[in-house]
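The block underneath contains the structure these notes are about, expressed in structure tokens.
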Amino acid sequence: MIRNSFTLIDEGRVHVTPATMAGERVWLTPGALQAAFGWEVKPRGLCKDDRCIPVHGHGDVVTDAGVDLAGFAALLSRPLALDLEERVACLGASATDRAAKLASLDAPDFTLPDVDGTMHSLSDYRGQKILLVAYASW
Amino acid sequence: MITVAFDQCADDPRPFIEAAEPTHPSLIDSEHLVADLYRIVNVPTVVWIDEHGCIARPNDVAFGNDAFKDMHGIESAPHLEALRRWVKGGVMPLDKQEVRDLQIPPTMEEQLGRTEFSLAWYLHRTGRRAAAERHFVRAGQLAPHDFTIRRGSMPIRGMDPMGSDFAELYMEWVQAGRPYYRPIPGSKDD
Chain V
1 MIRNSFTLID EGRVHVTPAT MAGERVWLTP GALQAAFGWE VKPRGLCKDD
51 RCIPVHGHGD VVTDAGVDLA GFAALLSRPL ALDLEERVAC LGASATDRAA
101 KLASLDAPDF TLPDVDGTMH SLSDYRGQKI LLVAYASW
Chain L
139 MITVAFDQCA DDPRPFIEAA EPTHPSLIDS EHLVADLYRI VNVPTVVWID
189 EHGCIARPND VAFGNDAFKD MHGIESAPHL EALRRWVKGG VMPLDKQEVR
239 DLQIPPTMEE QLGRTEFSLA WYLHRTGRRA AAERHFVRAG QLAPHDFTIR
289 RGSMPIRGMD PMGSDFAELY MEWVQAGRPY YRPIPGSKDD
């Protein structure tokens, strides 16, 4: 096992932490998991806010080696893109979460810069009808 | 109106934005966050959001004029007319269940494709071009008909989004039966 600096990306937030690697597996310490993703290792499982996912029956996600990154992502049903050589991993949004939000018909909020760098949120315009137009120079 | 450009920096869409002299926010979405949140797979895509922050009309292809109608076959008038009726007359285009029925939820593969794209973009921005290329390719394999990934990555990778790589992508999409290309009628009578 090798201990190396690893970059973790979650919803655009970039966090660099030591991680243990062996073959294609990557383990984080519970502290690193919490700092990067906000999930805590507790006796009843992996917890964030008011949600807990039991790890019993999920074999080797949490062991003395730490929290297995791929196992953690699978437990959350979230996609994980991993580059072992560059030591970077990106945790994406689950299809189920995105689908549920869209089916609720609540328009997902977002905050983005305009051409001058000023940030705007969709929720800034609540109270008006909005035509959201997505386009590109390509 | 709020426009969102899936471009890698403000400079790419800037000429279009400046020509439009907009009085509305013109936002830059280099991470393709809005594409992820709304399951947008090509441009242009329009979404109507009401005063309460609810989706009144889901993702649809619509153009502001008929300049390229011969290429894509979509008339601009029905959508613009429905939009006018909604904005000026409060006429809802669809009921809530119709909105839900017209939504296309993302698949696990599509979400993994978006995640691979995000990883590729980060690697590109941090100067690791060869690694970035591997993940752009992987993203395209996972979401082969997502133009925000396959065409959207072309300018980043130094490929011409108007050239032969795009022509190949377009033919693949046509041969796959033009997936999800179902412009919503302007009104129930269309």
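Protein chains in written order, with the working numbering: chain V, 1 to 138; chain L, 139 to 328. Quick reminder that beta carbons are idealized off the backbone N, C-alpha and C, glycines included.
Query                                                                                                                                                                       : Result
Consult DSSP for E40 (chain V) and reduce its assignment to one of helix, strand or coil.                                                                                   : strand
Anything in chain L within Cβ reach of A70 (chain V), meaning under 9 Å, just list it in chain order.                                                                       : None at all; the shortest Cβ gap to chain L is about 12 Å.
Let me see if you follow: with CB-CB separation under 7 Å, is M297 (chain L) close to chain V or not?                                                                       : no
Counting only Cβ pairs nearer than 7 Å, list the residues of chain V close to W311 (chain L).                                                                               : None at all; the shortest Cβ gap to chain V is about 15 Å.
The beta strand (DSSP E) with I155 (chain L) in it runs from where to where?                                                                                                : Counting along the chain, I155 (chain L) falls outside any beta strand (DSSP E), though it belongs to the alpha helix (DSSP H) covering 152-158.
Rounded to whole angstroms, what is the Cα-Cα separation between P317 (chain L) and I242 (chain L)?                                                                         : 11 Å
Can you tell which of V:E86, V:F37, V:A93, V:L28 has the C-alpha that lies nearest to the C-alpha of T253 (chain L)?                                                        : V:A93
Starting from the N-terminal side, write out each stretch of the alpha helix (DSSP H) that is 4 residues or longer and does not extend beyond the stretch 56-99 of chain V. : 69-75
According to DSSP, is G278 (chain L) part of a helix, a strand, or is it coil?                                                                                              : helix
Report yes or no: do three or more beta-carbon pairs, one from the stretch 161-172 of chain L and one from the stretch 95-107 of chain V, lie closer than 8 Å?              : no
Anything in chain L within Cβ reach of E85 (chain V), meaning under 8 Å, just list it in chain order.                                                                       : A269
Would you check if there are 3 or more beta carbon pairs closer than 8 Å linking the stretch 246-265 of chain L to the stretch 64-80 of chain V?                            : yes
What is the DSSP secondary structure of M309 (chain L), reduced to helix, strand or coil?                                                                                   : helix
Determine the burial state of N4 (chain V): buried for a count of at least 16 other Cβ atoms within 10 Å of its Cβ, exposed for fewer.                                      : exposed
If you compare alpha carbons, which of V:T111, V:A74, V:E85, V:R87 is closest to G96 (chain V)?                                                                             : Note on identity: in this sequence residue 96 (chain V) is Thr, with Gly being the wrong assignment. Closest option to T96 (chain V), Cα to Cα, is V:A74.
Within 10 angstroms of its Cβ, does I9 (chain V) collect 16 or more other Cβ (buried), or is it exposed?                                                                    : buried
Which residue marks the beginning of the alpha helix (DSSP H) containing D174 (chain L), and which one marks its end?                                                       : 171-176
List the residues of chain L whose Cβ lies closer than 9 Å to the Cβ of S123 (chain V), in chain order.                                                                     : G191
Could you please tell me which residues of the stretch 87-110 of chain V, in chain order, have their CB closer than 7 Å to any CB of chain L?                               : V88, C90, G92, A93, S94, A95, R98, A99, L102, A103, L105, D106, A107, P108, F110
Mind checking whether T20 (chain V) and A32 (chain V) have CB atoms under 7 Å apart?                                                                                        : no
Under 7 Å between C-beta atoms, does I166 (chain L) make it to chain V?                                                                                                     : yes
Taking just the CA atoms, how far does D114 (chain V) sit from A148 (chain L)?                                                                                              : 8 Å
Out of curiosity, what's the CA-to-CA distance linking D284 (chain L) and F110 (chain V)?                                                                                   : 21 Å
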